[in-house]
Each structure stands twice: as structure tokens, then as C-alpha cells.
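Protein chains in written order, with this note's numbering: chain A, 793 to 1124; chain B, 5 to 255; chain C, 536 to 822; chain D, 25 to 414.
Below is one structure, written out as C-alpha cells; the observations come after it.
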Amino acid sequence: MAVMSSAVTNPHQFLQAQNRWHWIEVAFWLATLLPFVLTPSYLSLASQIAITALFALSLDLILGYAGIVSLGHAAFFGFGAYTAGLISKWGWGEPLSGLLIAAFSAAVLGYLMSFIIARFRHLTLIMMTLGLGLLLFEVANKASWLTGGADGLQGVHMWPLLGMFRFDLYGYTAYTYALIVLFLLFLLSRRLTNSPFGLALRGIRENLTRMRAIGATSRSHIRTVYTISAAIAGVAGGLLTQTTETVSLGVVDFQRSADVLVILVLGGAGRLYGGLIGAIIFMVARDQFSGINPQYWYFPIGVLLIAVVMFLPNGILGGLARLVASWRSRSQ
Amino acid sequence: MSTPVLSTRGLDKNFGSLVVAKDIEIALPKGVRYALIGPNGAGKTTLINLITGMLQPDVGQIFLGDEEITRLGPEQRVRRGLVRTFQINTLFPNLTALEAVTLAVCERRGDAKTWWRPITAYGEVLDEAYSILTSLLLAPVCNRPTRELAYGQQRLLEIALALATRPKVLLLDEPAAGVPRDESSELFAAITSLSQDITVLFIEHDMNIVFKLASRIIVMVGGRILVEGTPAEIAADPRVREVYLGGAHHG
Amino acid sequence: MITSLLGILFDGFAYGMLLFLLSVGLSVTLGMMNFVNLAHCSLAMVGGYIAVTLMNRAGWPFFATLPMAFLGAAAVSIVLERLLYRPLYRATDLDQSLLTIGIVFVSIATAAYIYGTAQLPVQLPDYLRGSYQVFGRNFGVYRLFLIGFSLVISIVLVSTLEYTRFGAQVRAAVDNQRMARGLGIDVNGVFAITFALGGGLAGLGGALAIDIVGLDPSFAFAYLVYVLIVVSVGGLGSIGGTFVAAMLLGISDSAGKYYFPQVGAFLIYLVMIAILMWRPAGLFGKR
Amino acid sequence: MKRILAGLGAIAMFAMPSAYAQQSVKVGVVMSYSGQFADTGTQIGNGIKLYMKEHGDTVAGKKIELIPRDNGGIAPDVAKRLSQEVIVRDGADILAGFDLTPNALAAADVSAQAKKFMVNMNAATSVITTKSPYMVRTSFTVWQLNESLGTWAYKSGLRKVYTLVSDFGPGHDGEAAFQKGFKDAGGEIVGSARYPVANQDFAPFLQRAKDANPDGIYIWVPGGTQPAAIGKAIAERGIDPTKTKILGQGELTFEDSLKGMGDAGLGIITAFHYDYNHQSAKNKAFVTAYNAEFKRNPDMFSVGGYDGMHAIYEALKKTNGNADGEALINAVKGMKWESPRGPMSIDPETRDVVQTVYIRRVEKVGGALVNVEFDKVENVKDPWKARMPK
């Protein structure tokens, strides 16, 4: 804190410094390449972590930045997943265009739902998102002629990426693809959160009454960010479909909505890297714990969550930031 | 006489059987400093809430210039120049002062919808926000999160946020509430130095300040306007004395 | 026609009462103390397992297990409150959710470890089984019992919170902690007892629910959604609201399944969304 | 190797660590050990463990190593990933487990791609075995049981039946299979309903069924906590199973469900391929050993796992320890053996299970409720695949 407030006379410099890439960020993204070299047999897991991280990032835009808690975000993930799957099933297996269509359709759904969402706050908002998510689950189950119902959608086959790279058993293509998409959408989100719009979102999170008192168009902001978030979630769902060539009701179920919320809060909501770190820690922990004991892995995961809340409030990144700050102020 | 900048006609508001506003008629000309006084529970904050649209009146109309704004939402009224501050700090705790004022400027200019350009690309917005903060002596702390500012600085930030919207009419709800008297001079200096294009209505309990700042005074009691006049008229009015002296035991 | 409607109302009402017992504790702790306790159904599960264990292994009569289910779940909530919840009363909703989901995970794994993953059978005493036949309709004895029991519980609960000294202390502590402390109220103690009460009621609900819905480790999650629906539709902190919401949802669920089985799964969510669109704070919510 | 990446071939040297694992055969066991279907995984796992305990962990000179992985419920993406991982990371030669249809379908892709032998120990939708030429099934198919039950129901004298099924894939299959068997024989379906997958209170559905006045009510339920709830609701509705016959697939009268139902369950008729009460010397020994090991009775999941391991062991014996997918699947085609469930075999054409379907009635034997077999249909193949155009 002391560093920040040290007599910055020019406001431009200060904000520019905030927007600049920190060396830790560069290191983080370089580290995402390590699985190719160090753990090539974990690439399938790595690609699913990247997809989950993207999904968590989409939730972070509405929850971490605009303060909209959602327990039904799987609706968009699932909508994108089914869209991507159906396009492929109907004979168009080209991944990139499929992903765009998945994003677009999830965005349309998100835009429509945003008119309901923007009207509510607090528990009512949570229950609305939950209710709409569960409704979509039931629709997907009922419409088994379209979605394959509980058996899952059959007949999803992707063409090679860019006409060259097949989706292989080891997950090289899957991870490369998921990682690039994650990185691009991360750049987009980073740009968004550093924009005037991003500032307005934080304003909505911090104080909606004050937003009205400065004449802000909060509801239209909420609709915009909800739509963008839905589109990104749809991309994540589409990626899952394309890299695994399967779609099931699991993509829209309550568990997925709850998991992504846990992942984001675990990592630290309101920080772009929160969802990414949360996804890595949660999924690696689950993979390792369930490898050790497939039956009772819930136990150590539960203890992990409890410990994070007790010792690192505001998620792992939030807690670390506080520790670093207090360490800095002590060392000065 | 030209059209008043802000006027109301016959505003009524009840909460159940409790009358909080009854037949409120005001007309504020451009540039005038109005004080709104009255004992606790007189309905002063309610009136501000009604005017700014945080509450809807049961009956009556509100005009900003010639335009009726009775049915507009609070944010629409703000964009037309009708702006308020809050008696209890209503700020963005985790935004820096500069970010908060920048946000208000962006909203005014319609830039807040832009999500593809970084905020650093808006040089003139930052300059404007910074100059508002400078004028309110907040520049040295502008990069601190709001929650870390001193209480008096937060009160100033309330005004800074309102100014960033370029108000025509500014409603200040006890701007110095909670600020020790010897520290409130900065605040009132700021209010005094506001542009004469801005019409100001402020709620204040300290009569010394009221009489020093206001060019006209409205006295409210029990949800009604008791009397309106110049400071001298109000000081001489026996009904006001009755309310403030005789009514002391109500307080 | 009329008798079938009557039967449906009866079944739905009884199911609603079950939802009421499971939810009312959460409504109190979430509404009055602002603590997001997603582990509420874990407490119900504790009550359920206590009842089953005492009946199947120790041979206790069903009725004797109910107070134990209440006390056991209450004891667990006191421990949780002391160790984990109290430091987090001022934390964000999200931290509270994350903590309590962690507790749910731990409880599921623990239950699976102790009792296995199979569902546990429950046998009620004969006098609670079967049904009375009236107008050619069958009215289940256990459902009748559930309705009566829940009515008694809600009356006791409402009168405790509205008319006793303890109730006044709870409301004072919730409204303004500092002032309550100033008045010499042991706020920590009051909160602990309120939590214990909420948890105990959940345990009781769990014990009573297993005959109708069964019991296995996934119980802690399976009912969470329903309980949240009841609480939000009823309005936070309102016992009467929770009662009405539970009844409404129970009856509309039953009626929907009987008259329109093809939309059975949608109905409860649609009802919730419709009610919240109409009254965002719930039927009896103040905020 | 057609689908294995062309461009990144150089990196592929990391793959297939099984090259050095010649002294052992690794079996990746992918199923749900946690979540809603945790008990399924537990019981399949128990069946596997018991078989290995009885027959040793070495066959044809190879040590059998299990690699268990938790699927955590309906999650084909996870099933697919885990299957890929046990092959590429852990070097598994055989895929086994698979409790749920979507998961099995997703893993089938992996089996087909990697040419790995796959033993489906539970998932019961007919189509699954067509998805990989290296897959064998040791459980049952929904069509196999329920079409037989439909035909049998008409033969036993029922004419008007109401069907009530869980509203998801297997439930729809059960409904279709029973209705086909029953209607082809000449019966009439007087009404039908599908209840939500997570349904808890069954009173309204059973009331509706009762109000249709059928001779029998057919119920398809996927196990879990629902059967006991259904049994209790049947009794509470005043439906007498001795007058209005209650029919269903065996999950309806699982051991735990019967304990929960109590005497309400008496008289329910189910079609199934296995019960711990099946009367044979082989089964008696199996049940005793199982109880000694796990302190509970085996069920259809256990026997799916047990017979699945049998298929793996016998196939490895035939191939002399060669764990190649092609070799193993050829070894297992047409294999016949005496299982705790009775005689069973693997259809050489479809690689699906051929077995006896038992018709059982719930009776009280020695104070406990059990399923007593009183009729059976022998050598039943999966009728759905038999009708499929070749």
C-alpha cells in the first residue's frame, strides 16, 4: 500500500502501471506450457483444467467484478456444449466455427436471461439463477430426441483442427487448442476489466445505490456483462464437447454450477487469475486425492476448502495478496 | 420570473398511516443556495428521496425546468442534471478515489459502455477527474482505496462524485454529518465555491452554517413545508421559533 | 373428483410439512443471523443417521430416537458454530458458502466411511404404517402424523421466538448486536443456542424424512436445493413464511405430479421463479 | 493409428509406457466411487476384489494390477479423460468398470481408438456394445430383462397394465421394452407416466396409476433411495400387490429396498438376472465368501464385476497373457461359464451377455423378505440388437 500511494502526481502513470503486465503473469503463462514437457501424460487433465479455468473466468466477470452471484452458470456452459455437439452431429465438424456458433448461441441465451437477472440481487438472484439453471437441465433431459437425454449426445465427431491436427488420445491437440482459446479470452477479459466498462462493473459490485446516484446505466451494464460471460461460458462448454467428443446432461447440472462457484471462490473472486488458480488447485487436488482413494476423496477436498476460508479469506489469491501486503509493510 | 430549475407540485407520500410528505410545493430558481431545515423526522431526507426518484410519490409532480420527471428513474434524473449526495457515506469502498470519480465522469459521457478500450486511453477523462479531486483537496490521496480515506475526505468524495456528473441542481443531504465542527470548514468552503450555475439545496442542522451559506431557507415540520423565506425572514418567524424552541421536547 | 383433490391436498400438505421441518432452521439462521449455512442438510443427515442407528442397532423405538436426533444434530451445530462459524460471522457470503460446502464434502465422506454408500433401511412401528380409508381415498397414517407433528413444532417455535424472553433476546441480538451487548445480553450464547435450535430442527426433519425419501450420504446435497427454494420463497427469517412456502410447494408439487405428470419436474422451479418475480423478497420477506 | 496425431508424432515417444510393463496386465477401473452412484462403484469393486482374492492376482504368468479411478456420477467427459489417462499415463491394457451408460459410451470411443479390451460391468443400454469392437458386457441389458417381463406378464394373465418409469434414458428403454413385450403378446397399456429423475415423493404418481384401474402396474426405477419410497407409497395408497400386480426390473426389490419397504413389498414381481437368493451351489459359495469379506450381500453390481473379472482372467488364459485388444476380444467371444447368477455366455456376434432372466416374487422366508424365483426364461439375448439391421 505504501508503495502505491507514494506521491503519484500523475494519475495516468498510476493506472498505466496497474494495467502493465507483471512478471508473475508472464511467468504464469509460460508455466502453462510446462505440461507439454514435464507431464505429457497429464495433457487430457490439463486441457480439462484449461476449460474449467475458462468457465471460472466467465463466472468471475459477473461474480467477481459485477457482484452477480450465480448458481446456474452451467446453463450457458451446457448450452454451448450442446450447440457445439449438435452442429458436429449434424455434419459440420469444423472446430473453430463450431466454437463461434456455440459462443453466439450461449450469448443469445445469456442476453435473454439477463433481462430477468438484472432485476434481482442477493438470495433472490441466486435462487433465480439456480431455478433457471435447473429448468434448463430438465429441458435438456426432456428433449432427449434432440440431446440424447441421459444417455448423452451420440455421434459427435470433430474434424482436425485447422484441417491439420486431429484430436488425439494423448490430448496434445486438445490442450494446445484449449490453452490458446483460454489465453485469447483471458486477454479479452483483461482488456474488459481495465476498460471504463470494467470500472463500472466494479462500481455495481461495490455500491448499486451510488451507481444510480451518479446516473449509471447499471442494468444495461449488467445485461452486457452477463451476455459476454454467457458467451465465454458457452465457449468453455463448446471446448469440452469438441475435445472430448461427448456431451451429457452433466454439462448443465447443478453440480457443475456449484463446482465452478467453489473453484472461483477458492482461487479468489474479483481477480482474473482467481478462477485459473482455483481450477488448477481444485482439479489437481481432486485428481490426486481420488487417485489415492477414489471413495473418500471428498474428505480432503472439504478440509482444503475449510482451511482456505479459515486461513486465506477471499480465496487463495485474496489471502496471498493480504499476506504479501502485510509482509511488505512490516519490512519497511 | 423565469422558469424555476426545480419545482414540485402537491407531492404526497405516506408509509401506511404515517404521513412523510404532504402537499410539498417548492420552486428553486437557478443558482440559488437553499437550506432545508426542520426537526428530526420532519421528512427532509424523504423529500430528497422523492425528488431524486429513490422514492415514488403517491400524488404530485416533479419538474426539472419544463420537463416533468415524476416517473423517471433516479439515474435518468441524474443524467438530466438532478444530483444528490448521501447523509451516510454511500461510496465505493474498494475503488480508489480517482477510479470512483473517473467512473462518474465516464458514466456522464457515456464512455462506461466501452469495454474494448483500456481506461488509460481516456486521457481527458482522467484529467477531468483529477482536477475535480484537486479542487476538493483530494488529489494527494486519489490513488488510495476509498475505505482507507479519513472520514472527512470521504465526505468530500461524496461531493466530488456528485460534481463529476455536472449537476444543474445539487441536493446535499447533511454534507457535514459526523464531521467535527472544527474540521468542517473545508467542506463548507467547497460548497461556497461551487459554480453559480448550480442550484444547491442542502440539509443542515447547524444554524450558524445555514445562515452563513443559504440565500433562502425552507423549514419542514411533520412532512409539510412550514415556511420558506430569506434567512432574515426565517429568523424572525415566530412559528419557526415555536418549532425549534417549543418543539425541542419532540426531538 | 372432489375426493381425489382432497387426497392430493393431503399428500401435498404432508410433503410440504416435511420440507418445512427441513428448512425452518436454515430460515432462522440465514434470515436472522445472516449466515449462509449450506451445510444445513448435513445436519439433517446427522439426525437421520442417529435415528437409523438407534433403531436398527440399538433397537430403540422410533419415537425415542426423535429427541436424540434433535439433540445430536444440535450438538454438532454447536461444535460447528464454536469452531468454524463464529470467526466468520462478518465474512462475505462467498466465504461462508465455501466453508459450509467444505463441511458438506467432509460430512458426505464421513457418512460414506461410517455407514457405507448403501441406503439404510428404516422400519417404522406398525401403528405408523398403512392408511385410513375415507371416501375411497387412502390417507397415510405417517403423513397424518407428520402434519400433526409439524403443526405442533411450528406453534412451539413461533411462540418461543415471539413471546419468550429468549425470543426477545434473539431478536434484539440480531437487530443490533452492540446494543444487545449493552443491555447485558450474552450475544454469543444466544447465537450459539439459535444455531443449535436450527440444527436440531434440521436433525429432527432428517429423522422424520427418511421414511418417505430414504437416507444415504448424498442426502446432504440432494435436499439442499429444495430447502433453499423453500427458504427463499417463504422470505428470509420468517417462520410463517417458511411454513406457507413449504405447504405451497408441497401441494403444487403433488398436484402437478398427479394432474400433469409430464411437467412434474419443472413445476417446483416454475412456481419458485413466478413467486420470486412477483415478490423478490419472498412471500413474507421484509427485505 | 488413424486418429493419433500426425503432426506431433515426435512427442508421441512419451506415450505407451506399457511397453516396459510386460510382467503385469494393468486394468483401469473407471466408475463412480463417489456421489449419487457411489454404492454402484463400491459393489462392482467388491465383486472385482473377491474374484481376485479367490483366483489369485496372477494369471497366465501376468500379475493383474488394478488402477481404480473415480468417475463421480454422470460425466462422460470425465470417463473419457480417465480412460485416456489410464491408458496413456498408467499404461493400462484393459478398461473395466463403467457404471453408467453415458460414461460407457464415451469410454467406448477410447477403447475403439486405442484398440483396448473393454469390459462393461454394468451400464445396461443396448447400444453401448456397438460402439467399440473390443467391448464385452457382463451385466445385462434393459431390453433383455423387460421385454421378457412384458411377454411373461401377458402369459401370467394380466391384460391391462399401467407403466411408471423414471424420466431418463434407461427408464424410457424399460418402458419401451416392457410395452413391446406386453403389447406384442396382446396386452393393453392403460396409461403411463414418467417421473422426474430426482423425484422423492411418489404418492401422487401411484395415486394416478391406481385411479387408472389396471390389473398391474409396471415400475422402472434406477435403484438408490427411490425403491423403498415407492414400496411405502404403494402400501400407503392401499394398493394390494396380490390383487393389482406390481411389476418391475429387479432394482425395485433390492435387498435394501425390501428392508425399507417391509411387508409392503410382499408380492411384487420382478425380472432380473441375479439375486443373492438364487439357489445354486455356486451362488451359495459366492454369497458366503462375499459376506465374509465385505459384511454384506452381493447384488447385481457385484456379480457384474465378478463375472467381468472372470471374462478378463479366462481371456488372458486363452491368449497366454497377451493383453492385446484384438486377441482378448476374440478369446472372449462365445465364452460360456457358470456364474453365481447361473449359466451365462458371450454372444460371439454382439459381444453382449446371454443369460437366464428370472421371474421372482417377494416372499417372506424365515422372517426376511427375499426375491423367490418362480419362473425363468433361458438363454435370452439382447432383443434390441437382434432386431437391429445387420
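Glycine included, each C-beta is placed from N, C-alpha and C at the ideal position.
Based on the DSSP output, what are the partners of residue i in its beta bridges?
i: E89/D; result: K50/D
i: P149/B; result: T100/B
i: L1068/A; result: Looking at the DSSP assignment, L1068/A forms no beta bridge with any residue, so it has no partner.
i: Q65/B; result: R13/B
i: Y382/D; result: F296/D, K400/D
i: I222/B; result: L40/B, E232/B
i: A392/D; result: V389/D
i: W821/A; result: Bridge partners of W821/A: none, in fact.
i: I270/D; result: I241/D
i: G121/D; result: V54/D, N144/D
i: M919/A; result: Beta-bridge pairing links M919/A to no other residue.
i: N70/D; result: Paired residues: none, contrary to the question.
Among the options, whose alpha-carbon lies nearest the alpha-carbon of residue i?
i: K319/D; options: V641/C, S753/C, A653/C; result: A653/C
i: L696/C; options: V687/C, R706/C, G566/C; result: R706/C
i: S1010/A; options: K48/B, G85/B, L99/B, A108/B; result: A108/B
i: E212/D; options: T153/D, K179/D, K86/D; result: K179/D
i: F206/B; options: T7/B, V23/B, Y38/B, A31/B; result: Y38/B
i: P656/C; options: M812/C, V709/C, D710/C, M590/C; result: M590/C
i: I816/A; options: R911/A, E886/A, L1109/A, R1122/A; result: L1109/A
i: V812/C; options: I1073/A, F907/A, L822/A; result: Here the sequence assigns Met to residue 812/C, which means Val is not the residue at that position. The candidate whose alpha carbon is nearest that of M812/C is F907/A.
i: L634/C; options: T645/C, R621/C, A646/C; result: R621/C
i: L846/A; options: Q810/A, H1013/A, L953/A, S1021/A; result: S1021/A
i: T985/A; options: G902/A, Y1065/A, P887/A; result: Y1065/A
i: G198/D; options: H334/D, D81/D, L271/D, L393/D; result: L271/D
i: A257/D; options: Q231/D, T266/D, L282/D; result: Q231/D
Could you round the C-beta distance between residue i and residue j to whole angstroms and report it? I think they count as a contact, below 8 Å.
i: L1031/A; j: L891/A; result: 7 Å
i: C146/B; j: L140/B; result: The pair is not a contact, with the Cβ atoms about 10 Å apart (cut-off 8 Å).
i: T729/C; j: M568/C; result: 7 Å
i: E259/B; j: G1007/A; result: Any property of residue 259/B remains undetermined from this structure, which presents chain B solely from 5 to 255.
i: S836/A; j: G1026/A; result: Not quite, the Cβ-Cβ distance comes to about 22 Å (not below 8 Å), so this is no contact.
i: S850/A; j: P100/D; result: Going by Cβ atoms, the distance from S850/A to P100/D rounds to 22 Å, so no, they are not a contact pair.
i: G872/A; j: S839/A; result: 16 Å between Cβ atoms; not a contact.
i: S326/D; j: G121/D; result: At roughly 13 Å, the Cβ-Cβ gap does not stay under 8 Å, so S326/D and G121/D are not in contact.
i: A781/C; j: F605/C; result: At roughly 19 Å, the Cβ-Cβ gap does not stay under 8 Å, so A781/C and F605/C are not in contact.
i: V639/C; j: A755/C; result: 5 Å
At the level of alpha carbons, what is the spacing between residue i and residue j?
i: P407/D; j: N301/D; result: 26 Å
i: L924/A; j: G791/C; result: 19 Å
i: A45/D; j: N315/D; result: Note that A45/D has pLDDT 45, beneath the 50 cutoff, so the model's placement of it is unreliable and the number below is only indicative. So the two alpha carbons sit approximately 34 Å from each other.
i: L174/B; j: R88/B; result: 6 Å
i: F868/A; j: F929/A; result: 11 Å
i: V221/D; j: S889/A; result: 35 Å
i: I529/C; j: F670/C; result: Since the first and last residues shown for chain C are 536 and 822, residue 529/C lies out of range.
i: M37/D; j: A823/A; result: Unreliable positioning characterises M37/D in this predicted model, as indicated by a pLDDT of 36, which lies under 50. The coordinate reading is nonetheless provided below. Their backbone Cα atoms lie some 22 Å apart in a straight line.
i: V1044/A; j: A932/A; result: 8 Å
i: G289/D; j: D852/A; result: 51 Å
i: T518/C; j: N572/C; result: Residue 518/C is absent from the model: chain C starts at 536 and stops at 822.
For residue i, count neighbouring C-beta atoms within 10 Å of its own C-beta (all shown protein chains included) and say buried if the count is 16 or more, exposed if not.
i: E109/D; result: buried
i: K216/B; result: exposed
i: H196/D; result: buried
i: K87/D; result: exposed
i: E72/B; result: exposed
i: D721/C; result: exposed
i: G1059/A; result: buried
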